[in-house]
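Peer 1: Numbering (the working numbering), first residue to last: 19 to 318.
We put the beta carbon where it would ideally sit given N, CA and C, even for glycine.
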């Protein structure tokens, strides 16, 4: 079902003659500032980072990719589109997400344009079911979708996350217009759920007229980060060392930071079947704290 919905999004997108990407000279990836420079304990800093940047749909636990991704980039010159696809693939493989071969059906749909608002609005109008395929649990709120349509951000994204049965990977909810699935509860407990949350597809719109002086490599990392995790478009990351500050003035961001990479590593190694949001969040905090501590002790 959700493969068909993702296909509907692709069909709604006409090929574009978007502005050519203009990569600037690459620089070494940004270095991690001392995690305790602002006086916070490592665990507190990890929790604050996770709570600030993460944005799962209301009432759900953090989701991630548990299937292969297939990346499509349109609106760029082919060689730049391929460079971005390759960079996203590298970041995905780094955290254990497999990447499908060319010719696959896209579930990561990236579009470059010189008018992000117009394109985002037309996408929602033409493929609305692809943005809100169920009545709950799959996507953010209507106000978030309105922000996706009207934002002036250089990059905007929309994730659709599917609650699935841990045992089978089958959807555990009814899509609009479909009968409710039969959900068999097995071995559930106060610590473990039968449901996990898989990212089903993501739509990302890049407004090339607003990317400023960001290097193409950094832009590709930004898009990779938005691909691999459910991000809060309204997050205040001014205190954090993250690629999400790429378009902020007076911030030198050249690629994924150590915090970004370790956050992705924690997300993709923590358990996905905890019984409550709080339990899964605590698992994620512990995982990120341990990874950051190991990095600091190793002199990373």
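Among 235, 227, 246 and 120, which residue has its Cα nearest to the Cα of residue 217?
Peer 2: Of the listed residues, the one whose Cα sits closest to residue 217 is 246.
Peer 1: Around the Cβ of residue 74, are there at least 16 other Cβ atoms within 10 angstroms (buried) or fewer (exposed)?
Peer 2: So residue 74 ends up on the buried side.
Peer 1: If you follow the alpha helix (DSSP H) that residue 111 is in, where does it begin and where does it stop?
Peer 2: Segment 96 to 112, the alpha helix (DSSP H) holding residue 111.
Peer 1: Exposed or buried, what is residue 233 when buried is set at 16 or more other beta-carbons lying within 10 Å of its beta-carbon?
Peer 2: Residue 233 comes out buried.
Peer 1: Do residue 275 and residue 250 have their beta-carbon atoms positioned less than 8 Å apart in this structure?
Peer 2: Cβ distance not < 8 Å, so residue 250 and residue 275 don't count as in contact.
Peer 1: Three-state secondary structure (DSSP) at residue 223?
Peer 2: Residue state, collapsed to three classes: strand.
Peer 1: In whole angstroms, what separates the C-alpha of residue 94 from that of residue 130?
Peer 2: If you take the alpha carbons of residue 94 and residue 130, they lie about 6 Å apart.
Peer 1: Considering just the uninterrupted stretch of the alpha helix (DSSP H) at residue 277, what are its terminal residues?
Peer 2: 276 to 287 is the extent of the alpha helix (DSSP H) around residue 277.
Peer 1: Given this structure, state the Cα-to-Cα distance separating residue 285 from residue 111, to the nearest angstrom.
Peer 2: Straight-line Cα distance between these residues: approximately 14 Å.
Peer 1: Where does residue 245 sit, in a helix, a strand or coil, going by DSSP?
Peer 2: Reduced to three states, the DSSP call for residue 245 is helix.
Peer 1: Can you give me the C-alpha to C-alpha distance between residue 168 and residue 316, rounded to a whole angstrom?
Peer 2: Whole-angstrom Cα-Cα distance: 44 Å.
Peer 1: Is it right to say residue 76 is buried, meaning 16 or more other beta carbons lie within 10 angstroms of its own, or is it exposed?
Peer 2: So residue 76 ends up on the exposed side.
Peer 1: Helix, strand or coil for residue 48 per DSSP?
Peer 2: With a pLDDT of only 36 at residue 48, under the threshold of 50, the placement of this residue in the model should not be trusted, and no figure is reported.
Peer 1: Span of the beta strand (DSSP E) holding residue 260?
Peer 2: Run containing residue 260: none; DSSP gives neither H nor E here.
Peer 1: In whole angstroms, what is the alpha-carbon distance linking residue 72 and residue 292?
Peer 2: Approximately 17 Å between the Cα atoms of the pair.
Peer 1: Do you know offhand how far residue 188's Cα is from residue 151's?
Peer 2: Each residue's Cα considered, the two are about 15 Å apart.
Peer 1: Going by beta carbon distance, what residues of the same chain come within less than 7 Å of residue 282, once the five residues before and after it are set aside?
Peer 2: Same-chain partners within the cutoff: 113, 246 and 247.
Peer 1: Bridge partners for residue 130 per DSSP, in chain order?
Peer 2: Residue 130 pairs with 224.
Peer 1: At the level of alpha carbons, what is the spacing between residue 238 and residue 102?
Peer 2: If I take the Cα positions, the gap works out to 5 Å.
Peer 1: Which value, in whole angstroms, describes the spacing of the CA atoms of residue 242 and residue 117?
Peer 2: Those two C-alpha atoms are separated by around 13 Å.
Peer 1: Using a Cβ distance threshold of 8 Å, determine whether the stretch 123 to 138 contacts the stretch 302 to 309, with at least three qualifying pairs required.
Peer 2: Because the criterion of three Cβ pairs below 8 Å is not met, the stretch 123 to 138 and the stretch 302 to 309 do not touch.
Peer 1: CB-CB under 7 Å to residue 81, same chain, minus the five flanking residues each way: which ones, in chain order?
Peer 2: Taken in chain order, the residues that qualify are 74, 179, 215, 216, 217 and 248.
Peer 1: Using only the alpha-carbon positions, how far apart do residue 222 and residue 262 sit?
Peer 2: Those two C-alpha atoms are separated by around 15 Å.
Peer 1: Starting from residue 180, follow the beta strand (DSSP E) in both directions and report where the run begins and ends.
Peer 2: Element bounds for residue 180: 173 to 183.
Peer 1: Taking DSSP's pairing of strands, which residues face residue 269 in a bridge?
Peer 2: Answer is none; residue 269 lacks a bridge partner.
Peer 1: Check the C-beta distance from residue 219 over to residue 125 and give it rounded, since I have them as a contact under 8 Å.
Peer 2: Contact holds; Cβ gap of about 4 Å.
Peer 1: Opposite residue 216 in the DSSP bridges: which residues?
Peer 2: Residue 216 is bridged to 82 and 180.
Peer 1: Quick check on this structure: which residue in 287, 159, 266 and 171 has the alpha carbon closest to the alpha carbon of residue 78?
Peer 2: Cα-wise, what sits closest to residue 78 is 159.
Peer 1: Residue 172: buried (16+ other C-beta within 10 angstroms of its C-beta) or exposed?
Peer 2: It counts as buried.
Peer 1: Taking only three categories from DSSP, how would you classify residue 314?
Peer 2: Helix at residue 314.
Peer 1: At which residues does the alpha helix (DSSP H) containing residue 161 begin and terminate?
Peer 2: Looking at the DSSP string, the run of the alpha helix (DSSP H) that includes residue 161 is 160 to 168.
Peer 1: Which term fits residue 298, buried or exposed, when burial requires 16 or more other beta carbons within 10 angstroms of its beta carbon?
Peer 2: Answer is buried; the Cβ neighbour count reaches 16.
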